[in-house]
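Enquirer: The UniProt record's numbering applies: residue 1 is where the sequence shown begins, and numbers increase by one.
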Amino acid sequence: NKFFWRTAISNNLLESVHIGAHQLAEDPSVWTWIDGEVPFNGKTYDNFIGSFSIPGAGECGSMMTESSSALWINEDCANNKQPFFCRREDFSNMPKDCPKDAPKAGEDIVPPGFPDPRISCEYVLFVAAKKIVELEILVLVTDVNKDFLEILEGSSGDNILANLTGSLLTPIKIRTTKLKVMRVNWKTNGAGMNRGFNIRYNEVEP
């Protein structure tokens, strides 16, 4: 459930998503998964809201993504069009180690091993002379106060622009104030799964 919720918010799905559960037409008290029609009332994992199911609300199960509790509700899937989970992405092409070369402007940067990053890395971002660095954080999903994305100005020193932990529901941008170099430190405790970030940078006028 946590993986689905984090996948939803990282794709900016901040209301609800269909999860592939529905009522049996012949017995509305029974809910099943669509891939195999396996009943799960009291038999398999569920995360239903306490008042579930709401009479007349609908025959499809959805996850409410506005809260990290990610509770499930029933709704009318025929008339309430929502995104849905299909299959997990192929992460086999994700980096396995910290990069040996500096990332290029405009490239997506993700931590090694995503979505199970267990290696801390430093990324040095630089742009042309008389320009400054603008970093866009597209996705950040971490364990609060256990994983950190630290952003500093300059090739050395401790001029911290931001030190982020937890999750961002919408992308943000952070700029250096005057220097053409930015450092991004990914610091992880190496525990848990389905964490990480997706960032990219560009050069902009000061």
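Ideal Cβ positions, reconstructed from N, Cα and C, are used throughout, including at glycine. Remember, it's a predicted structure, so these values are computed and weren't measured experimentally.
Out of Ile160, Phe148, Thr32 and Trp5, which one is the CA nearest neighbour of Glu59?
Expert: Answer by Cα proximity: Thr32.
Enquirer: Which same chain residues end up closer than 8 Å to Glu15 when comparing Cβ atoms and leaving out the 5 residues on each side of it in sequence?
Expert: For Glu15, where only same-chain residues beyond five positions count, the Cβ hits under 8 Å are Met64, Thr65, Glu66 and Gln82.
Enquirer: Along the chain, where does the beta strand (DSSP E) containing Ile119 start, and where does it finish?
Expert: That residue, Ile119, is in no beta strand (DSSP E); it is neither H nor E in DSSP.
Enquirer: DSSP state of Lys173, grouped into three classes?
Expert: Three-state DSSP puts Lys173 in a strand.
Enquirer: Can the beta-carbon of Gly20 be found closer than 7 Å to that of Ile9?
Expert: Their beta carbons are not under 7 Å apart, which means Gly20 does not touch Ile9 by this criterion.
Enquirer: Who are the Cβ neighbours of Ala162 in its own chain at under 7 Å, not counting the five residues just before and after it?
Expert: Contacts found: Ile151 and Ile174.
Enquirer: Nearest to Asn47 by alpha carbon, out of Val30, Trp72, Pro28 and Gln23?
Expert: Nearest of Val30, Trp72, Pro28 and Gln23 to Asn47, Cα basis: Trp72.
Enquirer: Select from Tyr123, Thr176 and Lys187 the residue whose C-alpha is nearest the C-alpha of Asp108.
Expert: Closest by alpha carbon: Tyr123.
Enquirer: Are there 16 or more other CB atoms within 10 angstroms of the CB of Phe84, so buried, or fewer, so exposed?
Expert: Looking at its Cβ environment, which holds fewer than 16 other Cβ atoms inside 10 Å, Phe84 is exposed.
Enquirer: Which residues does DSSP list as the beta-bridge partners of Asp27?
Expert: Asp27 is bridged to Leu24.
Enquirer: Return the chain-ordered ranges of every alpha helix (DSSP H) run that is complete within the region 78-164 and spans a minimum of 4 residues.
Expert: Segments of the alpha helix (DSSP H) lying fully in the region 78-164: there are none.
Enquirer: Starting from Arg6, follow the alpha helix (DSSP H) in both directions and report where the run begins and ends.
Expert: Per DSSP, Arg6 belongs to the alpha helix (DSSP H) from Lys2 to Ser10.
Enquirer: Let me know if Gly56 comes out buried or exposed under the rule of 16 or more other beta-carbons within 10 Å of its beta-carbon.
Expert: Gly56 is exposed by the Cβ-count criterion.
Enquirer: Whose C-beta lies closer than 7 Å to the C-beta of Leu140 among residues of the same chain, with five residues either side of it excluded?
Expert: Same-chain partners within the cutoff: Leu149, Leu164, Ser167, Leu168 and Phe197.
Enquirer: Classify Ser62 as helix, strand or coil using the three-state DSSP reduction.
Expert: Of the three classes helix, strand and coil, the one that applies to Ser62 here is strand, per DSSP.
Enquirer: Roughly how many angstroms lie between the CA atoms of Pro28 and Asn74, to the nearest whole one?
Expert: So the two alpha carbons sit approximately 11 Å from each other.
Enquirer: Name, in chain order, the residues that DSSP records as bridge partners for Ile199.
Expert: BP columns for Ile199 point to Ile109 and Ile137.
Enquirer: First and last residue of the beta strand (DSSP E) that includes Asn74?
Expert: Segment Trp72 to Glu75, the beta strand (DSSP E) holding Asn74.
Enquirer: Pull the bridge partners of Lys187 from the DSSP assignment, please.
Expert: For Lys187, which the question treats as bridged, DSSP gives the partners Phe148.
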